[in-house]
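K.L.:
First residue of the sequence shown: 20, per this note's numbering; consecutive thereafter.
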Amino acid sequence: MELLGQTPAMRIGQIAAALYTSEATVRRDLAAMEQKGLVQRVYGGVTLKKEDMPLDFRHREHAAAKEEIAAKAAALIREGQTVFLDSSSTAQHLLPHLARFHELTVITNSHKAMQELATTKLRLICTGGDLVKRNMAYVGRTAEEALERFCPELAFFSSQGVGLDGEVTDASEGETSLRQVVLRRALHTVFLCDSSKVGKKYLYRLGRLSEMGEIITDKDFPAVLLP
């Protein structure tokens, strides 16, 4: 718990090395701690809170559903378009699909997306802004003012929770505020959401599903929630 207090998310191997014990022992202890509600285990590691989970952890969570969603989203893209991509783990699954294009302009607030697409022929525009190291996302006034100058034809984004009342929320104030700019500026918005997010609510409200433009989900998403 002291280690997680310093670093809210850690891998099993990191904890084992830090405590000079085996990974099997760490897994047993984490299972007991999770039962007490002290931590939340994730793919390959553990986190104190879901909203503190770094991007590389979240990228692996529900990966099959996110891949399904990304493939559907990629089918909407055409050469020559201007596309916005947010820093969500779901949107990051689109990166391999974008790499096959040659004449796209990609606007993003994701440091990871800039890195992964840097070797492609795509035109890349980064919003800049204050860097949130947890998920390598640029947010804040600088990022939002940059987005106000553009009208992307397609905007792909996600959020952490979708309530049973259809309300879309997130734990990050900065990322939610930036997505609100995207909703205003993009010609066509595409909300990417896997079924694991259903029934979860966080502090900051993005809007309702009916305000999200097009919605792409996985096969297990409740149809009753879709507009």
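Glycine included, every Cβ here is placed at the ideal spot set by N, Cα and C. Values in this document were obtained by computation on a predicted structure and should not be read as measured data.
Drop a sphere of 10 angstroms on the beta-carbon of residue 53, count the other beta-carbons inside from all chains shown, and report buried for 16 or more, exposed for fewer.
P.N.:
Burial call: exposed.
K.L.:
Mind reading off the beta-carbon distance from residue 92 to residue 175? Whole number of angstroms is fine, and I expect it under 8 Å.
P.N.:
Confirmed, Cβ separation roughly 6 Å.
K.L.:
In three-state terms, what does DSSP make of residue 59?
P.N.:
Residue 59: strand per DSSP, three-state reduction.
K.L.:
What are the boundary residues of the alpha helix (DSSP H) that includes residue 133?
P.N.:
Where residue 133 is concerned, the enclosing alpha helix (DSSP H) stretches over 130 to 136.
K.L.:
Three or more C-beta pairs under 8 Å: does that hold for the stretch 98 to 113 against the stretch 124 to 135?
P.N.:
Yes, they touch.
K.L.:
Taking Cβ to Cβ, would you say residue 117 is nearer than 9 Å to residue 102?
P.N.:
Their beta carbons are under 9 Å apart, which means residue 117 touches residue 102 by this criterion.
K.L.:
With a floor of 3 residues, list each beta strand (DSSP E) that falls wholly inside the stretch 101 to 179, ordered by position along the chain.
P.N.:
101 to 104, 124 to 127, 142 to 145, 149 to 151, 156 to 158 and 173 to 176, all fully within the stretch 101 to 179.
K.L.:
Please report the distance separating the alpha-carbon of residue 161 from that of residue 120.
P.N.:
Looking at the two C-alpha atoms, the distance is approximately 28 Å.
K.L.:
For the stretch 197 to 204 and the stretch 223 to 241, state whether three or more C-beta atom pairs, one from each stretch, are separated by less than 8 Å.
P.N.:
Cβ pair count under 8 Å is three or more, so yes.
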